[in-house]
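K.L.:
Before we start, here is the structure in question, set down as structure tokens.
There are 2 protein chains.
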Amino acid sequence: MNGTDIVLDKTDLSILRLMQENARMTNADLARELEMAPSAVLERVKKLEQKQVIVKYTTRISPVALGQTLLAFIAMKSSEGMGSNNTAKELAKIPEVQEVHHIAGEDCYMVKVRTADSASLMDLMRNKFSKIQSITSTRTTIVLETVKEEQQLVIPEK
Amino acid sequence: MNGTDIVLDKTDLSILRLMQENARMTNADLARELEMAPSAVLERVKKLEQKQVIVKYTTRISPVALGQTLLAFIAMKSSEGMGSNNTAKELAKIPEVQEVHHIAGEDCYMVKVRTADSASLMDLMRNKFSKIQSITSTRTTIVLETVKEEQQLVIPEK
DNA sequence: TCATTTTTTTGAATATTATTCTATTTGAAT
DNA sequence: ATTCAAATAGAATAATATTCAAAAAAATGA
């Protein structure tokens with residue numbers, strides 16, 4: 001057992017469940033829901049933030065409303081050694097790149113990219129990806145329709 | 001031009017940019033940042049919610065803190081006709097399934113799944129995916145390390 | 001251009017919430 | 001049982017959210 005592991009009790013999990021569903025829920029509402037004093041709830045939320053259990057409060061915006069209709073997965077191979085992940089770090093710097101995963105199997109990385117349209121994706125590949133020398137090949141899969149897209153975790157009861 | 005398209009001005013985009021970064025930013029802080037009256041900002045936020053530009057306020061929770069250390073992408077083929085997406089809908093019902101995309105190319109769906117460990121993934125495949133008759137094949141790619149994972153959109157200045 | 005209508009913003013008032021702090025309680029370890 | 005640390009409650013105050021009427025700004029159409 002190392003010092004970094006985190007103990008979450010039933011109350012913490014309830015807080016996380018509620019906050020995951022609605023990050024703008026007021027502390028007062030949280031307290032009512034949990035039948036606790038607002039001060040006690042606030043204390044717990046702050047600790048969850050400090051412990052980095054809560055990573056971020058974010059607003060999900062409709063990509064369509066912003067005209068970002070192209071989503072693609074790109075499987076990449078890289079020439080870098082197994083230890084390093086500089087390629088990944090470079091990819092991560094690109095704002096249109098939403099995800100970078102090092103994957104098992106033939107390819108090295110799975111990259112998720114969102115742009116306005118196919119032209120913008122082409123731009124991105126020509127002007128950004130091509131600058132990363134270690135990338136040796138890419139295989140792009142275009143998303144035709146997204147049926148579900150979230151990162152809600154399954155939070156246990158206890 | 002149809003009635004569903006949405007016009008967002010510079011102020012709306014600023015609101016979205018700030019809220020995307022921190023969903024729990026107070027309306028008062030927003031107002032200060034934008035140099036507007038709080039009531040005017042509130043009005044805009046409510047409209048963005050109504051127009052579904054703002055989809056949801058969510059809290060990103062560390063998967064590791066909850067012991068959810070396995071992430072996988074599963075490329076699936078389905079026997080259903082091109083028109084239907086029942087397979088996708090069934091997949092979307094499973095809470096561990098975070099994403100379901102209909103993709104171009106040889107495979108039919110790209111599915112992103114998060115579970116506690118490989119045993120839980122096995123469980124999921126045996127007890128849930130196997131129930132969906134239309135799935136004819138799956139190709140699972142395990143994520144070894146996630147370097148970046150977010151769905152922050154690139155919001156234009158204007 | 002001007003008048004009209006609609007939308008947006010402001011400012012003020014009130015309701016609600018956030019936050020702080022101290023006292024109390026709880027729970028765990030001895 | 002006693003001690004200690006952590007968590008909670010409760011009360012007080014600071015800050016924020018929310019509502020609404022009036023004013024301003026923007027859009028519309030003659």
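Each protein sequence line maps, in turn, to chains A and B. Throughout the first sequence, residue numbering follows the UniProt record's numbering, covering 1 to 158 in sequence. Throughout the second sequence, residue numbering follows the UniProt record's numbering, covering 1 to 158 in sequence. Here a beta-carbon is modelled for each residue, glycine too, at the ideal position from N, C-alpha and C.
(1) Would you mind sorting B/GLN20 into buried or exposed? The rule is 16 or more other CB atoms within 10 Å of its CB.
(2) In its own chain, which residues sit with a C-beta less than 7 Å from the C-beta of B/ALA72, not counting the 5 before and 5 after it?
(3) Between the segment 19-51 of chain B and chain A, which residues of the former have CB atoms less than 9 Å from a CB of the latter, in chain order?
(4) What is the DSSP secondary structure of B/ILE142, reduced to helix, strand or coil?
(5) So, with DSSP's three-state summary, where would you put A/ILE132?
(6) Report yes if the C-beta distance between A/ASN27 and A/VAL7 is below 8 Å; otherwise report no.
(7) Rounded C-beta distance between A/ILE15 and B/LEU16? I'm assuming under 8 Å.
(8) For B/SER118, which option in B/GLU96, B/ALA23 and B/ASP29 has the closest C-alpha, if you only look at C-alpha atoms?
(9) I'd like to check one pair, A/ILE74 with A/LYS128: are the Cβ atoms closer than 8 Å?
(10) Along chain B, in chain order, which residues have C-beta atoms closer than 7 Å to that of A/LEU66?
(11) Decide if A/MET85 is buried, meaning its Cβ has at least 16 other Cβ atoms within 10 Å, or exposed.
(12) Taking just the CA atoms, how far does B/LYS56 sit from A/LEU66?
(13) When the Cα of B/VAL111 is compared with those of B/ALA104, B/ILE103, B/GLU99 and B/GLY105, which residue comes out closest?
(14) Hey, how far is the Cα of A/GLN52 from the Cα of B/THR58?
(15) Find the residues of chain B that neighbour A/ALA104, judging by a C-beta separation of less than 9 Å, and give them in chain order.
(16) I'd like the span of the beta strand (DSSP E) that includes A/LEU71, first residue to last.
(17) Roughly how many whole angstroms lie between the Cα atoms of B/LYS77 and B/ASP107?
(18) So B/GLN98 contacts chain A; which residues on that side make the cut at Cβ distance below 9 Å?
(19) Note down, in chain order, each residue of its chain lying with its Cβ closer than 7 Å to the Cβ of A/MET25, except the 5 sequence neighbours on either side.
(20) List the endpoints of the continuous alpha helix (DSSP H) containing A/GLN50.
(21) Can you give me, in chain order, the residues of the segment 65-91 of chain A that have a beta carbon less than 8 Å from any beta carbon in chain B?
(22) Below 8 Å between beta carbons: does that hold for A/GLN68 and B/LEU153?
(23) Report back the beta-carbon spacing between B/ALA23 and A/ALA23 to the nearest angstrom; my notes put them in contact at under 8 Å.
(24) Going by DSSP, what residue range makes up the alpha helix (DSSP H) through B/LYS89?
(25) Here's the rule I'm using: 16 or more other beta-carbon atoms within 10 Å means buried, otherwise exposed. How should B/MET1 be labelled?
(26) Looking at the secondary structure, which residues open and close the alpha helix (DSSP H) in which A/GLN20 lies?
(27) Give me the Cα-Cα distance between B/SER130 and A/LYS158, rounded to the nearest whole angstrom.
(28) Which residues in the same chain have their Cβ closer than 7 Å to the Cβ of A/PRO38, if we skip the five residues on either side of it in sequence?
(29) Keeping to the same chain, check which residues put their C-beta closer than 6 Å to that of A/ILE103; ignore five residues upstream and five downstream.
(30) On a Cα-Cα basis, can you pick out the residue from B/GLY81, B/ASP12, B/GLU145 and B/THR136 that is closest to A/HIS101?
(31) Between A/MET36 and A/ILE54, what straight-line distance do the alpha-carbon atoms span, to the nearest angstrom?
P.N.:
Once the coordinates are examined:
(1) The residue in question, B/GLN20, is buried, as its Cβ has 16 or more Cβ neighbours within 10 Å.
(2) Contacts found: VAL113, LEU121, THR140, THR141, ILE142 and VAL143.
(3) Answer in chain order: MET19, GLN20, GLU21, ASN22, ALA23, ARG24, MET25, LEU48 and LYS51.
(4) Here B/ILE142 sits in strand by DSSP.
(5) In this structure, A/ILE132 counts as coil in the three-state DSSP scheme.
(6) No; because the gap between Cβ atoms is not below 8 Å, this pair is not in contact.
(7) Separation of the CB atoms of A/ILE15 and B/LEU16 is rounded to 26 Å, and the pair is thereby denied contact status at 8 Å.
(8) Nearest option by C-alpha distance: B/GLU96.
(9) Not in contact: A/LYS128 and A/ILE74 (Cβ atoms no closer than 8 Å).
(10) Identification of chain B residues near A/LEU66 by a Cβ-Cβ cut-off of 7 Å yields LEU153 and ILE155, ordered along the chain.
(11) The amino acid occupying residue 85 of chain A in the given sequence is Asn; Met does not appear at that position. So A/ASN85 ends up on the buried side.
(12) Just so you know, the alpha carbons of A/LEU66 and B/LYS56 end up roughly 15 Å apart.
(13) Per the Cα distances, B/GLU99.
(14) Roughly 15 Å between the two C-alpha positions.
(15) By Cβ distance, chain B contributes THR141, ILE142, VAL143 and LEU144.
(16) Segment 70-78, the beta strand (DSSP E) holding A/LEU71.
(17) Roughly 5 Å separates the two Cα atoms.
(18) Proximity of chain A to B/GLN98 at the Cβ level (cut-off 9 Å) is accounted for by LYS148, GLU149, GLU150, GLN151, GLN152 and LEU153, in chain order.
(19) Within the same chain, A/MET25 has close Cβ partners LEU18 and MET19.
(20) In the DSSP annotation of this structure, the continuous segment of the alpha helix (DSSP H) that includes A/GLN50 starts and ends at 38-50.
(21) So the list reads ALA65, LEU66, GLN68, LEU71, PHE73, ASN85, ALA88, LYS89 and LEU91, given in the order they occur along the chain.
(22) Taking the C-beta atoms as reference points, B/LEU153 is found nearer than 8 Å to A/GLN68.
(23) Contact holds; Cβ gap of about 4 Å.
(24) For B/LYS89, the enclosing alpha helix (DSSP H) has its first and last residue at 86-93.
(25) Residue placement at B/MET1 is poorly supported in this model, since its pLDDT is 37, which falls under 50; the coordinates still yield a value, given next. Label assigned to B/MET1: exposed.
(26) Taken as a continuous stretch (DSSP letters only), the alpha helix (DSSP H) holding A/GLN20 covers 10-21.
(27) Their Cα atoms are separated by approximately 28 Å.
(28) Annotation for A/PRO38: ASN27, ALA28 and ALA31 place their beta carbon closer than 7 Å to its own, counting only its chain and skipping 5 residues before and after.
(29) So the qualifying residues of the chain are MET110.
(30) Answer by Cα proximity: B/GLU145.
(31) Cα to Cα, A/MET36 sits roughly 20 Å from A/ILE54.
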